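Residue numbers (the numbering used here): 14 to 158.
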């Protein structure tokens, strides 16, 4: 993608259409000729290379604090504690309340023969009345009174 979008600026999302880029491309031979912007970019890269070749200052190897701010808890430290679990300062967690049980509903009455909706337990919404056609409503609205 870098080659097409940055160097040739051949964007696929806009279709087969060449745009600006660092190189002029002859799409018959695929020969690339550097544009003035490519020469400018080469100078920028040369300057960056010189800056990258500078010696890097080493980072300090000592920590910012001499002692850690908190000691890590381990299973062994908790197991060798002299105080019983109930006497420790951690508060007891109350049990989660159980939701109330819903009241029992009576059984559905037996369905009448030929009623598939009632026998399956599926409730269907009532049918809506048919909507008047638009041509009829337009003629109704255009009537003079």
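Think of the CB as a built atom: it goes at the ideal place given N, C-alpha and C, for glycine as much as any other residue.
The structure displayed is predicted, hence computed values, not measured ones.
Q) How many angstroms separate the CA atom of residue 106 from the CA atom of residue 140? A) 54 Å
Q: Determine, using beta carbons only, whether residue 36 and residue 47 come nearer to each other than 7 Å.
A: yes
Q.
My output table needs one value for residue 86: the three-state DSSP class, helix, strand or coil.
A. coil
Q. Helix, strand or coil for residue 48 per DSSP?
A. coil
Q: Please state whether DSSP places residue 106 in a helix, a strand or coil.
A: coil
Q) CA-CA distance, residue 40 and residue 51? A) 18 Å
(Q) Distance check for residue 61 and residue 4, CA to CA, integer angstroms please. (A) No information on residue 4 is available, as it lies outside the stretch 14 to 158 that the chain covers here.
Q. Tell me, which residues are paired with residue 54 by DSSP?
A. Per DSSP, none; premise fails for residue 54.
**Q.** Whole-angstrom distance between residue 49 and residue 58, CA atom to CA atom
**A.** 14 Å
**Q.** Same chain, Cβ closer than 8 Å to residue 112, five either side skipped, listed in chain order
**A.** none
Q. Leaving out the 5 sequence neighbours to the left and right, which residues in its chain are closer than 6 Å to residue 83 when beta-carbon positions are compared?
A. none
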